[in-house]
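Engineer:
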Amino acid sequence: MAASNPSAWWDGLVVDADGTTVTVALINGATVELQVVGPAVDVAVGEPVAFHPVAELLSASAILTTARAA
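The sequence shown maps to residues 1 to 70 in the numbering used here.
1) Checking 9 Å against the spacing of the C-beta atoms, do T66 and P39 come in under that value?
2) For A17 versus V37, is the C-beta spacing smaller than 9 Å?
3) Restricting to Cα atoms, I'd like to know which of W9, I27, A50 and L26 is closest to A62.
4) According to DSSP, is S61 helix, strand or coil?
5) Can the beta-carbon of E47 be found less than 9 Å from the beta-carbon of L26?
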């Protein structure tokens, strides 16, 4: 799904993370809160990430995991 829709990725920076929830400030000015439901990803505040809302994927630190908008 993500490979067939490469323009759907949203880029941003992590502004809050607690292990199961990641809040991302997107480069378009919006903020999205994501619930990580796949393998845990260790992200730090300020880290760049990408979220694919169609495929429900979060890419961070070269790790791809499942995440849904909360």
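Every residue, glycine too, gets a C-beta built ideally from N, C-alpha and C.
Structural biologist: Let me lay it out:
1) Within the sequence shown, numbered from 1, the residue matching residue 66 stands at position 66. Within the sequence shown, numbered from 1, the residue matching residue 39 stands at position 39. Contact check for T66 against P39 passes: the beta carbons are separated by less than 9 Å.
2) Along the sequence shown, read from residue 1 onward, the residue named residue 17 stands at position 17. Along the sequence shown, read from residue 1 onward, the residue named residue 37 stands at position 37. With a cutoff of 9 Å on beta-carbon distance, A17 and V37 are scored as not near each other.
3) By 1-based counting over the sequence shown, the position of residue 62 is 62. Comparing Cα-Cα distances from A62 to each of W9, I27, A50 and L26, the minimum goes to A50.
4) Within the sequence shown, residue 61 is the residue found at index 61, counting from 1. DSSP places S61 in the coil class of the three-state scheme, outside both helix and strand.
5) Taking the first residue of the sequence shown as 1, we reach residue 47 at position 47. Taking the first residue of the sequence shown as 1, we reach residue 26 at position 26. In this structure, E47 lies away from L26, with their beta-carbon atoms at least 9 Å apart.
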